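Trainee:
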Amino acid sequence: MMDGSFETNWDLARTTMGGGMSRVLVVYGTKTGCTAGVAEQIGATFAEAGAIVDVVPVADASSPDGYDAVVVGSGVRVAQWHAPVKEWVTANAAMLKGMPIAFFTACLTMASEPEKADEVRAYTDPIVEETGVQPVDIGLFAGMNEPKTFSLPERLILKVMKAPEGDFRDYEAVVEWTRGVAGKLGVS
Ligand SMILES: Cc1cc2nc3c(=O)[nH]c(=O)nc-3n(C[C@H](O)[C@H](O)[C@H](O)COP(=O)(O)O)c2cc1C
C-alpha cells in the first residue's frame with residue numbers, strides 16, 4: 001500500500017506467506033468464564049497450526065466476513081446455548097451457511113454423564129433447524145460447577161440436580177478435537 005496506511009492487510013500477508021494461512025474466527029458465549037477458557041484453547045491450537053485466529057466473546061463479535069472458517073461455542077442453561085450466541089448465529093446465518101463452521105458446547109453433562117453425549121449434541125439441533133447453518137462437527141466438552149460463579153437460584157438448581165462440583169475442563173480433549181476439526185474446516 002502506498003497511501004501510508006498501516007492497517008493490516010491480511011490478504012497481502014497471506015499471499016506473501018504462500019497462501020497457507022487460514023483466518024479463523026472463534027466466537028463464544030459464557031456466563032462464568034468456563035467457555036472462554038475452552039475457546040481460548042481452541043484458538044491457541046489453531047494458531048499453533050499456523051492459522052491467524054481471533055477469539056471473541058459474542059458481545060464483541062461482528063460479522064464473520066473475511067474469515068476462512070468459524071467456530072462457535074457456548075455454555076448451557078437448561079439444555080440450551082446462551083441466547084446471545086444463538087442470536088449471533090441467526091443474525092449471520094446467510095454468511096455462515098457458505099462457510100466451514102464448527103460448534104462446541106461446554107456443559108456439566110459431559111462431566112457427570114458423558115454417556116449422554118447424544119443428548120448434549122442435540123442441544124444445538126434447534127439452531128441448525130432454525131438457521132440452516134450446518135456445523136461440520138460439534139465439540140462436546142466438560143464444563144464446570146464452581147458454586148461461587150453462580151447466582152443463588154442457579155446454585156440451588158445444581159444442588160437439586162446433584163451436579164458434581166469442580167472445574168472439569170479437559171484441555172487435552174479440547175486440543176485433540178481442535179486438531180481433528182482443523183482438517184474438516186480446511187484450516188492450516
Ligand atoms: C441453571 C443452570 C442450568 C444448567 N443446565 C445444564 C444443562 O441442561 N445441561 C448441562 O449439561 N449443563 C447444564 N448446566 C451446566 C453449565 O452448562 C456449566 O456450568 C457450564 O460450564 C457453563 O459454562 P459457561 O459459564 O461458560 O456458560 C447448567 C448450569 C446452571 C447454573
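By this note's numbering, the letter at position 125 of the sequence shown is numbered 125, and the numbering carries on one by one without gaps.
Glycine is no exception: its CB is placed at the ideal position from the N, C-alpha and C atoms.
Because the structure is a prediction, the values reported are computed rather than measured.
1. Mapping DSSP to helix, strand and coil, what is Pro64?
2. Are the stretch 86 to 97 and the stretch 152 to 161 touching, with three or more C-beta to C-beta distances below 8 Å?
3. Apply the 10 Å Cβ neighbour rule to Lys86 and answer buried if 16 or more other Cβ atoms are within range, or exposed otherwise.
4. Identify whether Pro135 lies in helix, strand or coil by the three-state DSSP scheme.
5. Ends of the alpha helix (DSSP H) at Asp54?
6. Excluding the 5 residues flanking Phe168 on each side, which residues of the same chain have their C-beta closer than 7 Å to its C-beta?
7. So within the stretch 62 to 98, which uninterrupted alpha helix (DSSP H) runs reach at least 4 residues, ignoring any that extend past its ends?
8. Measure the C-alpha to C-alpha separation of Thr178 and Val78 and round it to an integer number of angstroms.
9. Taking the beta strand (DSSP E) that Ala27 falls in, what are its first and last residues?
10. Under DSSP, the beta strand (DSSP E) around Phe104 begins and ends at which residues?
11. Would you identify the three-state DSSP class for Gly166, choosing helix, strand or coil?
12. Name, in chain order, the residues that DSSP records as bridge partners for Ala142.
13. Whose CA, out of Gln134, Leu140, Phe104, Ala93, lies closest to the CA of Glu115?
Mentor: Put simply:
1. Residue numbering aside, residue 64 sits at position 64 when the sequence shown is read from its first letter. Three-state result, Pro64: coil.
2. No, because fewer than three Cβ pairs between the stretch 86 to 97 and the stretch 152 to 161 fall closer than 8 Å, the two stretches do not touch.
3. Residue numbering aside, residue 86 sits at position 86 when the sequence shown is read from its first letter. Buried, because 16 or more other Cβ atoms sit within 10 Å of the Cβ of Lys86.
4. Here residue 135 refers to the residue found at position 135 of the sequence shown. In this structure, Pro135 counts as coil in the three-state DSSP scheme.
5. Here residue 54 refers to the residue found at position 54 of the sequence shown. Looking at the DSSP string, Asp54 is not in any alpha helix (DSSP H); the run it does join, the beta strand (DSSP E), is 52 to 57.
6. Your numbering for residue 168 matches position 168 in the sequence shown. So the qualifying residues of the chain are Ala111, Ala142, Gly143, Met144.
7. For the stretch 62 to 98, the full-length alpha helix (DSSP H) segments reaching 4 residues or more read 83 to 91, 93 to 96 along the chain.
8. Looking up residue 178 in the sequence shown gives position 178. Looking up residue 78 in the sequence shown gives position 78. Across the structure, Thr178 and Val78 are spaced so that their CA atoms are roughly 26 Å apart.
9. Locating residue 27 in the sequence shown gives position 27, counting from the first residue. The sequence as given places Val at residue 27; Ala does not occur at that position. It spans 23 to 29 - the beta strand (DSSP E) in which Val27 sits, taken as one unbroken run.
10. Within the sequence shown, the letter at position 104 stands for residue 104. Per DSSP, Phe104 belongs to the beta strand (DSSP E) from 101 to 107.
11. Locating residue 166 in the sequence shown gives position 166, counting from the first residue. Per DSSP, reduced to three states, the secondary structure at Gly166 is strand.
12. Against the sequence shown, residue 142 aligns to sequence position 142. DSSP output for Ala142 lists Cys107 as bridge partner(s).
13. As a first step, residue 115 is located in the sequence shown; it is residue number 115 there, counting from the start. For the options Gln134, Leu140, Phe104, Ala93, the alpha carbon positioned closest to that of Glu115 is the one of Leu140.
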